[in-house]
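Read in order, the letters of the sequence shown are residues 16 to 281 in this note's numbering. Right, one structure below, let's go through it.
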Amino acid sequence: MPPRIPRQHHPRLHTRPAGVVRATVVAPAAALVLRLAVLGGLLAAVAVPRAHAAPAEEASDRDLQTREAEHARLSDEMERLSQRQIWEGVDKTFRKLVRLEVKLTEKDYLTGAFAARELGRVLQVRERLQEAARIHGTREIVDWLWDIDNHYGRVELVSVPARSSTLEAKVMPFDPNQRKAVEHAMRSVQDDGLFVGMLPKGEYTFSGQPFTVEAGIDVRIEVSPRMRRQGIIEPVYVRPDRPGMPQTSSTEPQPPEPAPSGSPEK
Numbered sequence: 016m017p018p019r020i021p022r023q024h025h026p027r028l029h030t031r032p033a034g035v036v037r038a039t040v041v042a043p044a045a046a047l048v049l050r051l052a053v054l055g056g057l058l059a060a061v062a063v064p065r066a067h068a069a070p071a072e073e074a075s076d077r078d079l080q081t082r083e084a085e086h087a088r089l090s091d092e093m094e095r096l097s098q099r100q101i102w103e104g105v106d107k108t109f110r111k112l113v114r115l116e117v118k119l120t121e122k123d124y125l126t127g128a129f130a131a132r133e134l135g136r137v138l139q140v141r142e143r144l145q146e147a148a149r150i151h152g153t154r155e156i157v158d159w160l161w162d163i164d165n166h167y168g169r170v171e172l173v174s175v176p177a178r179s180s181t182l183e184a185k186v187m188p189f190d191p192n193q194r195k196a197v198e199h200a201m202r203s204v205q206d207d208g209l210f211v212g213m214l215p216k217g218e219y220t221f222s223g224q225p226f227t228v229e230a231g232i233d234v235r236i237e238v239s240p241r242m243r244r245q246g247i248i249e250p251v252y253v254r255p256d257r258p259g260m261p262q263t264s265s266t267e268p269q270p271p272e273p274a275p276s277g278s279p280e281k
């Protein structure tokens, strides 16, 4: 009877250590594959925002191109309306241009200023001329601004309640543009009991309260039961609009002096 061979020395069991060796060789390869897979996932995650960034930029470019195309269309429309002297249409189209939030041209602002002048809206004329002057301050624009600043004053008229409000000029101006400005203010007061804008120099009456418009002077009149109860005959507040202009007396209580430099305003 052959001698019994211990189990740990049996020749058929020598294949298991080889299997173990192969397992230790395969394990690093699997780890490498796993690392590559993780790295690939990270790269894909980083690439996703970049893939989305390009369409966003393209959408922004398309939006700008669309607005620029609309700008060109509205500018042409405004020019055609001005040639036909449809000034309300010109002014409405100009407001659409402003809402586009694109860079307007000097011509756009000038056309808008002409429309506002024909409608008697002098304050808007001045604002649009100032924008045109920032682009190209021609002699025409500078002279036009000078004329407004030397022949008009800022006026704010408020009537509470709005009904039965009236604005009268002691003498209607002969200049057609100044006359349009007065007529526009009269319509605004009659319709809304309110006018905020510019009027030619002269004497006026607002719902029974007389006042005078001077160049470079701001005038504010409030006609209301509260003001009348205070016994104020002429509730007119006038303040200098430019340095060096004289202070006109007023029967309305004056506002407090501005806070000293460095102190917070109350």
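All C-beta atoms in this analysis are idealised placements derived from N, C-alpha and C, irrespective of residue type, glycine included.
Proximity of Thr126 and Met93 at Cβ, strictly below 8 Å = Within the sequence shown, numbered from 1, the residue matching residue 126 stands at position 111. Within the sequence shown, numbered from 1, the residue matching residue 93 stands at position 78. It is a contact, given that the beta carbons lie within the stated cut-off.
Starting from Ala184, trace the beta strand (DSSP E) both ways and give me its first and last residue.
-> What you label residue 184 is simply residue 169 of the sequence shown in a count that begins at 1. Going by DSSP, Ala184 is part of the beta strand (DSSP E) stretching over Leu182 to Ala184.
Under the three-state DSSP convention, the category Pro215 falls into | One-based indexing of the sequence shown puts residue 215 at position 200. Looking at Pro215 - three-state DSSP - the assignment turns out to be strand.
Is it the case that the Cβ atoms of Val197 and Pro191 are separated by a distance below 8 Å?
-> By one-based count along the sequence shown, residue 197 stands at place 182. By one-based count along the sequence shown, residue 191 stands at place 176. Annotated as distal: Val197 and Pro191, with beta-carbon spacing of 8 Å or more.
In the DSSP assignment, what are the bridge partners of Gly168?
-> As a working note, residue 168 is residue 153 in the sequence shown. In the DSSP output, where bridge partners are listed per residue, Gly168 has Leu214.
Name, in chain order, the residues that DSSP records as bridge partners for Ser174.
-> Taking the sequence shown and counting its residues from 1, the one referred to as residue 174 is at position 159. Answer by DSSP bridge pairing, in chain order: Val238.
Distance, Cα to Cα, Ser265 vs Phe226?
-> Position 250 of the sequence shown, counting from 1, holds the residue named residue 265. Position 211 of the sequence shown, counting from 1, holds the residue named residue 226. Only weak support is given to the placement of Ser265: the predicted model assigns it a pLDDT of 39, under 50, and the question is left unresolved by the model.
Given a threshold of 16 other Cβ atoms within 10 Å of its Cβ, counted over all protein chains shown, does Pro215 qualify as buried or as exposed?
-> For this step, residue 215 is matched to residue 200 along the sequence shown. With 16 or more other Cβ atoms from the protein chains shown falling within 10 Å of its own Cβ, Pro215 counts as buried.
Quick one: grab the DSSP three-state call for Leu144.
-> For the purposes of this step, residue 144 is identified with residue 129 of the sequence shown, where counting begins at 1. Of the three classes helix, strand and coil, the one that applies to Leu144 here is helix, per DSSP.
Using CA coordinates, which residue listed in Leu79, Leu182 and Lys122 is at the minimum distance from Leu209?
-> Within the sequence shown, the letter at position 194 stands for residue 209. Out of Leu79, Leu182 and Lys122, Leu182 has the C-alpha closest to the C-alpha of Leu209.
Of the listed residues Gln193, Phe129, Gly135 and Ser180, nearest to Ser222 (C-alpha basis) = Against the sequence shown, residue 222 aligns to sequence position 207. For the residues Gln193, Phe129, Gly135 and Ser180, the minimum Cα distance to Ser222 belongs to Ser180.
Rounded separation between Val204 and Ser174 - CA only = Mapped onto the sequence shown, residue 204 falls at position 189. Mapped onto the sequence shown, residue 174 falls at position 159. Distance between the alpha carbons of Val204 and Ser174: 8 Å.
Please name the residue, chosen from Val186, Ala184 and Gly168, that lies closest to Arg235 on a Cα-to-Cα basis.
-> Here residue 235 refers to the residue found at position 220 of the sequence shown. Of the candidates Val186, Ala184 and Gly168, the one whose C-alpha sits nearest the C-alpha of Arg235 is Gly168.
Reduced DSSP secondary structure (H/G/I, E/B, other) of Gln205 = Numbered from its first residue, the sequence shown carries residue 205 at position 190. In the three-state scheme derived from DSSP, where H, G and I count as helix and E and B as strand, Gln205 is classed as helix.
Any idea what DSSP makes of Pro225, helix, strand or coil?
-> The count along the sequence shown starts at 1 and reaches residue 225 at position 210. Pro225: strand per DSSP, three-state reduction.
Residues in its own chain within less than 6 Å of Glu133 by CB, not counting five upstream and five downstream?
-> Here the question's residue 133 lines up with position 118 in the sequence shown. Once the five neighbours on either side are set aside, the close Cβ partners of Glu133 are Trp102.
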